[in-house]
């Protein structure tokens, strides 16, 4: 009888089979960061506070906030947050939170594709904030991977690519076009140009 068979203990084997798969530490940290930033986003009451939060988010993702690229992306993300999160826009503009649930649910469905009906107003706002944080993180990390060039163009290209996955409602419907994105419906897309070639985005630095 081999050593392997002698060492075999079925009770421990059964326990091993019942152990849940461990999640990667990085994935758990990303989720914790997302929850932290979503909660902080709902506490924002002024444009400077929003700018500070986006600066922290960029730094956590590895993008230098003081860089031209960081400033350009932060400006786009700030405008996007106000567009997609009615609770934030009301807080920054000083309007009361009337009809908060319907506004949040409608915006979350339109921009993020979320179905939030049935949740409490607070839960709706938190889920929408989480999705924006996910969008912002994705855009920041994408900006780090794109080739250098005009900061505004790189920031717009990064946000567009992130929106394709996390906020498709921000993108204009352009049926029949192979190169979507020469002009995007995202904030700031009225300036600069870029084109998609397969899975790559080519930025016009002019």
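Numbering (full-length UniProt numbering), first residue to last: 1 to 206.
By construction, the Cβ of each residue, glycine as well, lies at the ideal position given by its N, Cα and C atoms.
In this text the structure is predicted, and so the values were computed from the model without any measurement.
When 36, 87, 60, 150 are compared, the shortest CA-CA separation from residue 72 is found for 150.
Excluding five sequence positions before and after residue 76, the CB atoms of its chain that fall closer than 6 angstroms to its own CB belong to 155, 159, 187, 188, given in chain order. In this structure, residue 57 sits away from residue 129, with a CB-CB distance that is not shorter than 9 angstroms. Residue nearest to residue 51 within the set 136, 143, 107, 86 is 136 (criterion: CA-CA distance). Rounded to whole angstroms, the separation of the alpha carbons of residue 123 and residue 116 is 8 angstroms. Around the C-beta of residue 88, 16 or more other C-beta atoms lie within 10 Å, and the residue is accordingly described as buried. Contact between residue 171 and residue 163 is confirmed by a C-beta separation of about 6 angstroms, below the 8 angstroms threshold.
Inclusion of residue 84 and residue 112 in the CB contact set at 9 angstroms is warranted, their separation being smaller than that value. In terms of CA proximity to residue 54, 133 leads the group 91, 94, 133, 143. Shown here, residue 168 sits in a helix according to DSSP, grouped into three states. Bounds of the alpha helix (DSSP H) holding residue 143 are 121-145. A direct Cα-Cα distance of roughly 23 angstroms separates residue 30 from residue 67. Counting along the chain, residue 90 sits inside the alpha helix (DSSP H) bounded by residues 86-93. Excluding sequence positions up to five before and after residue 38, its CB lies within less than 7 angstroms of the CB of 126, 129, 130, 133, all in the same chain and listed in chain order. The DSSP-derived three-state label of residue 154 is helix. Residue 32 sits in a helix when the DSSP states are folded into three classes. Nearest neighbour of residue 138 by Cα position, chosen from 74, 104, 82, turns out to be 74. For residue 104 and residue 63, the gap between their C-alpha atoms comes out near 30 angstroms.
For residue 169, the closest of 107, 120, 157, 119 by C-alpha to C-alpha distance is 107.
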